[in-house]
Amino acid sequence: MTAIAFRTGIDRRTGKILTGWEHVRQSLGVIWLTRFNARVMRLDFGSDLRSWLAEDITTATALGLYNDLITAAHTWEPEYRNKEMQLVRLTREGGLGLRHAGLYYPEGRLGNYTIALPVGGKIALTARYLQGRQAA
């Protein structure tokens, strides 16, 4: 039996070591909350999430939002494949969030998709809520 090669990184808020799903969760938050053209030498990195937040939530808006987020995750995060997304209210004031679930492939960055673990999480989509905390 071979060991799984989990990816490691640094928590951007605490500086602690992140491994496995926790690192991917942070990466999804970075991908989804980074605007296009915000990174030098990676102008196509990120998603168009913020342009959707000024719109009323209609079926068409929700589908466009889902499409952009899934495309961004699929493009930039080889260890996660989304299976479901749901818009949720995170605060009493109506702060919008996104609940997502999918499959985590610990060795997806290496092209190995034989090991799959079901995972999920939530991320805040409204700017006021984002100032204090963020999770994916």
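Residue numbers for the sequence shown follow the UniProt record's numbering, beginning at 1 and rising by one. A virtual CB, placed ideally from N, CA and C, is assigned to each residue, including glycine. This one's a predicted model, so the numbers in the text were calculated from it and none came from an experiment.
Check: Straight-line Cα distance separating Val-30 from residue 165; Outcome: It is not possible to answer for residue 165, since the shown part of the chain is limited to 1 through 136.
Check: Own chain, CB closer than 6 Å to Gly-9, minus 5 neighbours either side, in chain order; Outcome: Leu-18 and His-23
Check: Where Asn-82 falls: helix, strand or coil (DSSP); Outcome: strand
Check: For Ile-123: DSSP bridge partner residues; Outcome: Leu-98
Check: Secondary structure, beta strand (DSSP E): runs of 3+ residues fully inside the UniProt domain "IraD/Gp25-like" (22-87); Outcome: none
Check: Between the CA atoms of Arg-92 and Arg-42 - distance to the nearest angstrom; Outcome: 37 Å
Check: Nonlocal neighbours in the same chain, by C-beta distance under 7 Å from Arg-13, ignoring five residues either side; Outcome: none
Check: Sheet register partners of Tyr-104 (DSSP bridge); Outcome: Tyr-80 and Leu-117
Check: Leu-130 versus Ala-124: straight-line alpha-carbon distance, rounded; Outcome: Because the pLDDT of Leu-130 is 48, which lies under 50, any placement of that residue in the model is unreliable, and the question is left without a value.
Check: Assigned exposure category for Glu-77 - 16 Cβ within 10 Å defines buried; Outcome: buried
Check: Whole-angstrom distance between Ala-62 and Asp-56, CA atom to CA atom; Outcome: 9 Å
Check: Separation of Tyr-104 from Arg-50, as counted between CA atoms; Outcome: 25 Å
Check: Gly-46 and Arg-35 closer than 7 Å at C-beta; Outcome: yes
Check: Distance between Thr-59 and Gly-132 (C-alpha atoms, nearest Å); Outcome: Note on Gly-132: pLDDT 48, under 50, position unreliable in the model; the coordinate value appears next. Gly-132 and Thr-59: Cα-Cα distance of roughly 29 Å.
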